[in-house]
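Peer 1: Attaching a single structure in structure tokens format; questions to follow.
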Amino acid sequence: MEEYKKKLKDIADRLMRLMLDSLGISKEDLRLVLGSSADESVDIPHTALQLNSYPACPDPNRAMGLAPHTDTSLFTILSQSRTKAGLQIHRDGFGWITVRPVAGALVVNIGDLFHILTNGRFSSAVHRAVVNQTDHRLSIAYFYGPPCNSKIAPISKLVDSNHPLRYRSTTWREYIGIKARHFDKSLSLITNRSL
Numbered sequence: 001m002e003e004y005k006k007k008l009k010d011i012a013d014r015l016m017r018l019m020l021d022s023l024g025i026s027k028e029d030l031r032l033v034l035g036s037s038a039d040e041s042v043d044i045p046h047t048a049l050q051l052n053s054y055p056a057c058p059d060p061n062r063a064m065g066l067a068p069h070t071d072t073s074l075f076t077i078l079s080q081s082r083t084k085a086g087l088q089i090h091r092d093g094f095g096w097i098t099v100r101p102v103a104g105a106l107v108v109n110i111g112d113l114f115h116i117l118t119n120g121r122f123s124s125a126v127h128r129a130v131v132n133q134t135d136h137r138l139s140i141a142y143f144y145g146p147p148c149n150s151k152i153a154p155i156s157k158l159v160d161s162n163h164p165l166r167y168r169s170t171t172w173r174e175y176i177g178i179k180a181r182h183f184d185k186s187l188s189l190i191t192n193r194s195l
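Be aware that the sequence shown starts at 1, since it is given in full-length UniProt numbering, and climbs by one per residue.
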């Protein structure tokens, strides 16, 4: 399991760099947002691994695998078993779209903290897990986030006249508390308008 976590961290570090590069954001820009540090603690992400089990259900329309939600982290890397699909992503105007498992592929869900960091340029993914009648489904979720006390705010290079400041600064710890109380309204509670 430790080797698996190490490999996922390497993938997550590269994904983080690629996504920020796509927006023209340097490591130094990110350091300014997360906080400058003489030690390298800013570079140490907070990660968690979660194993999910969704047993077959005789009447799947009467059971819920995992309620619709967004992840709180920067992003989540998900590995799905190759049984019937159970992950669904919500897309405005289309409804729920099933994400079919592909052998050897990983799914990346953008989380709320990356949504905030990019001032909404990357949107957090509303998703859910559904059960099915015949197959037991397993998944492994790897949550990747900043250190718990790092301040998260939109990166200044991503705020301009076409993209006004959308969110105030928050920490992961504070945001988890907001989300525990207000769930799907959390992002709206830290908008720039709520200041």
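Note that CB positions come from ideal geometry on N, CA and C, so glycine has one too.
Quick one: using the 10 Å Cβ neighbour count with 16 as the cut-off for buried, is residue 50 buried or exposed?
Peer 2: exposed
Peer 1: Beta-carbon within less than 8 Å of residue 28's beta-carbon, same chain only, minus the 5 sequence neighbours each way: which residues are those?
Peer 2: none
Peer 1: Cβ atoms of residue 117 and residue 154: under 9 Å apart, would you say?
Peer 2: Remark: C-beta atoms of residue 154 and residue 117 approach each other more closely than 9 Å.
Peer 1: Given a cut-off of 9 Å on the beta-carbon distance, is the pair residue 52 and residue 125 in contact?
Peer 2: Against a cut-off of 9 Å, the Cβ pair of residue 125 and residue 52 comes out as no contact.
Peer 1: Could you give the DSSP three-state label for residue 113: helix, strand or coil?
Peer 2: Residue state, collapsed to three classes: helix.
Peer 1: So the beta strand (DSSP E) residue 145 belongs to, where does it begin and stop?
Peer 2: 137-145
Peer 1: Taking only three categories from DSSP, how would you classify residue 52?
Peer 2: strand
Peer 1: Using the beta-carbon count (16 or more within 10 Å), is residue 111 buried or exposed?
Peer 2: Counting other Cβ atoms within 10 Å of its Cβ, residue 111 reaches 16 or more and is therefore classed as buried.
Peer 1: Does residue 66 come out as helix, strand or coil in the three-state DSSP assignment?
Peer 2: strand
Peer 1: Buried or exposed: which applies to residue 19, given that a residue is buried once 16 or more other Cβ atoms fall within 10 Å of its Cβ?
Peer 2: buried
Peer 1: What does the alpha-carbon distance come out to for the pair residue 63 and residue 90?
Peer 2: So the alpha carbons of these two residues sit roughly 19 Å apart.
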